[in-house]
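By our numbering, the letter at position 269 of the sequence shown is numbered 271, and the numbering carries on one by one without gaps. In this text, a Cβ means the ideal position worked out from N, Cα and C, and glycines have one as well. The structure under discussion appears below in the form of structure tokens.
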Amino acid sequence: MNTKVGIIGYPIRHSISPIFQQAAFNHFNLETSYEIWETTSQQLPERLSYSRNDDVLGFNVTIPYKEQVLHLLDDITPEALIIGAVNTVANVNGFLRGYNTDTTGFIRALKEKGDFEPKGKTALVLGAGGSARAVCFGLHNSGVTSIIIANRTLNRAIELADHFQNHLQANIVPILLTPKELNKLLSAPNSPDLIVNCTSLGMTGGPNPLGSPLGDIEPSQSTFLADLVYNPIETPFLQMATKSHARSLGGIPMLIYQGAEAFHIWTGKTPPLEILFSAVRTAMDDLS
3 MNTKVGIIGY PIRHSISPIF QQAAFNHFNL ETSYEIWETT SQQLPERLSY SRNDDVLGFN
63 VTIPYKEQVL HLLDDITPEA LIIGAVNTVA NVNGFLRGYN TDTTGFIRAL KEKGDFEPKG
123 KTALVLGAGG SARAVCFGLH NSGVTSIIIA NRTLNRAIEL ADHFQNHLQA NIVPILLTPK
183 ELNKLLSAPN SPDLIVNCTS LGMTGGPNPL GSPLGDIEPS QSTFLADLVY NPIETPFLQM
243 ATKSHARSLG GIPMLIYQGA EAFHIWTGKT PPLEILFSAV RTAMDDLS
């Protein structure tokens, strides 16, 4: 039987997940298609009901549904439950189980492609959505000493900080994401070692493709900048890293690593990473 996998989000026409995931399915000669399922909030329950069909192996979840999808699933892994966000779902005989592969995907990308060891470091996380939750969980488990969460809506940052303080006794401080607060933080002698953009600012197809959560504030040269946005390859956020001569990492490695783990969940097979990276490089070259 031909099977399918999809990605659920809105807007997601820019997604390149179908390209590298399809390359993985093709590598193993699996008769599976990976599809874009652009879904509005009103359509979400119906979409998940459809995903219980026998020919659906599962799906990925992206902006803005990583938290919203939780109450529509039958089961959630303990890790994803603590994170409070799901990005991968497996369909087993109509039973939907939620996972979070963003956490391991991000930390693996940070260490292997960014050559950055988070243990003993301090971090500033920009944004307080589902991706930020996964990043905070991964950083805490990797031994960062403290995390500052900056968000344009302070209550969201407080909620996230309280959540992890209660569940993990994590050292997390919420602040309002404003130029004044960022400038004060980044100009201090003990400015963060790592800044992670978990917002959609700068994303192709997003609400503000030319934006950056840093604005025109330059980080220090010793700061490492990581952007979860992968399209375009060089976002305004990463351009600021270049301007500051700071080390940086784009979103493609995390995308690949979390995607490879999701593929294993659906199929039990581990795809060769070079095939995935090659497919993405070709796709990005075609887009540029």
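Kindly indicate which residue of the options has the alpha-carbon position closest to the one of residue i.
i	options	result
Phe27	Pro274, Pro13 and His165	Pro274
Val282	Ala25, Glu114, Arg249 and Gly204	Ala25
Asp287	Glu263, Ile18 and Gln70	Ile18
Thr41	Ile21, Ile9 and Ser35	Ile9
Ser222	His247, Gly204 and Leu203	His247
Gly11	Phe61, Asp57 and Lys186	Phe61
Lys186	Thr269, Asn55 and Leu126	Leu126
Ser148	Leu162, Ile174, Leu170 and Ala130	Ile174
Leu170	Glu183, Leu141 and Asp195	Leu141
Val198	Thr124, Val63, Val91 and Asp57	Thr124
Phe265	His73, Asn55 and Thr90	Thr90
Leu203	Thr237, Thr34, Ile150 and Tyr259	Thr237
Val146	Gly122, Leu162, Glu161 and Ala130	Gly122
Ser224	Arg249, Phe239, Lys245 and Ser280	Arg249
Ala111	Leu179, Ile258, Trp268 and Asp57	Ile258
Pro211	Leu184, Leu240, Gln70 and Glu183	Leu240
Quick check on the DSSP output: the beta strand (DSSP E) that includes residue i runs from which residue to which?
i	result
Ser148	Ser148 to Asn153
Asn199	Leu196 to Asn199
Bridge partners for residue i per DSSP, in chain order?
i	result
Phe61	Gly8 and Val91
Arg249	Arg249 is not bridged to any residue.
Ser280	The partner list for Ser280 (beta bridge, DSSP) is empty, contrary to what the question assumes.
Trp39	Ile10
Gly96	For Gly96, which the question treats as bridged, DSSP gives no partner whatsoever.
Asp229	Asn199
Asp287	In DSSP, Asp287 forms no bridge with anything.
Asp77	Arg99
Would you kindly check if the distance between the Cβ of residue j and the Cβ of residue i is under 8 Å?
i	j	result
Lys68	Val88	yes
Leu128	Pro215	yes
Cys200	Ser133	yes
Phe139	Phe226	no
Tyr36	Gln44	no
Ala152	Ile85	no
Asn93	Ser51	no
Gly100	Ala82	yes
Pro20	Gly207	no
Gly261	Leu278	yes
Pro181	Gly217	yes
For the alpha helix (DSSP H) containing residue i, list its first residue and its last residue.
i	result
Asn126	Asn is not the amino acid found at residue 126; the sequence shown has Leu there. Leu126 -> not in any alpha helix (DSSP H); beta strand (DSSP E) instead, spanning Thr124 to Leu128.
Pro47	Leu46 to Tyr52
Val137	Gly132 to Asn143
Arg110	Asp104 to Glu114
Leu72	First-last for Leu72: undefined, no H or E at that position.
Leu83	Pro80 to Ile85
Gly164	Looking at the sequence shown, residue 164 is not Gly but Asp. Looking at the DSSP string, the run of the alpha helix (DSSP H) that includes Asp164 is Leu156 to Leu170.
Review point. With contact counted as at least three CB pairs below 8 Å, one residue from each stretch, are the stretch 226-237 and the stretch 247-263 in contact?
Key: Flag = yes, the stretch 226-237 and the stretch 247-263 touch.
Review point. Between the stretch 147-157 and the stretch 103-115, are three or more C-beta pairs nearer than 8 Å?
Key: No, they do not touch.
**Study point:** Inter-stretch contact at 8 Å, needing at least 3 Cβ pairs: the stretch 160-167 / the stretch 185-197
**Key:** For the pair of segments examined, the stretch 160-167 was found not to touch the stretch 185-197: the number of CB pairs separated by less than 8 Å stays below three.
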